[in-house]
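Residue numbers (this note's numbering): 9 to 265.
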């Protein structure tokens, strides 16, 4: 606001503008005065007061252009003021997020940390848990990646939550809708290609918007409201088999999906 006031004051006091004549020419002036049938003006070119007959001066064109310039300056100042407010708000937003890597959201002006989930690999062949994923084990063929319990401990603040992700390494991340199981939730299906030995994930990924606030800090949110159910923020690397999850739930009556 102070910038807007300063610019308007400067505009009113020190603006140089064109004083148009009826023949289409103009003088660059700092100000002018109409005195009876004469126009006195301060010439920028000569640095002194001069005067002309009023009949030779096009005051209508002069004031129309000055008004247009004044409106442009107001819009520019308002835009700069809005940008400054946005930058201050963004800085305050970033300052709330801890330096430690993790997933966070703000609810009722309080920072909430989403805990990392323990992902387990369940082999369809052996029907047994192979290992907690830290790091993920190399399992040939297909396997199911699960999180224990049917519901996450953390509830999202809304159907379109804003998450903050302080990442330790540059990897893919997103929101996945988890499949309900008896006593657990499925994060993804693990699939290893037999020839290349590369690992890929089959996941029900949700479309999201993302914004990089700082080098290692991202803000992201779903493009549409999340239906009630179980979800997880996942960070993963295709081909290498790395995956990590932070689970949460959206309250309400689950849909049929």
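Cβ coordinates follow ideal geometry from the N, Cα and C atoms, glycine included.
Cβ atoms of residue j and residue i: under 8 Å apart, would you say?
i	j	result
residue 111	residue 241	yes
residue 106	residue 174	yes
residue 30	residue 66	yes
Would DSSP call residue i helix, strand or coil?
i	result
residue 156	strand
residue 216	strand
residue 30	coil
residue 253	strand
residue 80	helix
residue 151	strand
residue 128	strand
residue 56	strand
residue 119	strand
residue 93	helix
residue 205	coil
residue 192	strand
residue 240	strand
residue 225	strand
residue 232	coil
Between the C-alpha atoms of residue i and residue j, what's the straight-line distance to the nearest angstrom?
i	j	result
residue 250	residue 244	5 Å
residue 188	residue 194	6 Å
residue 91	residue 39	32 Å
residue 169	residue 214	13 Å
residue 94	residue 232	24 Å
residue 256	residue 239	5 Å
residue 258	residue 79	48 Å
residue 101	residue 64	59 Å
residue 206	residue 221	32 Å
residue 34	residue 27	5 Å
residue 97	residue 229	18 Å
residue 260	residue 163	11 Å
residue 75	residue 227	42 Å
residue 180	residue 212	15 Å
residue 103	residue 183	24 Å
residue 224	residue 160	26 Å
residue 120	residue 204	41 Å
residue 196	residue 190	16 Å
residue 158	residue 202	32 Å
residue 77	residue 60	24 Å
residue 71	residue 25	10 Å
Give the C-beta separation of residue i and residue j to the nearest angstrom, bearing in mind that I take them to be a contact with Cβ-Cβ under 8 Å.
i	j	result
residue 171	residue 113	5 Å
residue 51	residue 43	Contact flag wrong, Cβ pair sits at about 16 Å.
residue 200	residue 247	Contact doesn't hold; Cβ gap of about 10 Å is too wide.
residue 62	residue 45	5 Å
Which same chain residues end up closer than 6 Å to residue i when comparing Cβ atoms and leaving out the 5 residues on each side of it in sequence?
i	result
residue 140	Confidence in residue 140 is poor, its pLDDT being 46 and thus under 50, which makes the residue's placement unreliable; the coordinate value appears in the next sentence. Closer than 6 Å at the Cβ level, and outside the excluded window around residue 140, lie 126, 128.
residue 192	154, 156
residue 23	none
residue 234	167, 258
residue 151	129, 131, 198
residue 219	227
residue 253	125, 127, 195, 240, 242
Starting from the C-beta of residue i, find all residues in its chain whose C-beta is less than 7 Å away, skip the five residues before and the five after it, and write them out in chain order.
i	result
residue 109	174, 175, 176
residue 69	28
Got a sec? Which residues, its chain only, sit under 8 Å from residue i by beta carbon, not counting five neighbours each side?
i	result
residue 41	47, 48, 49
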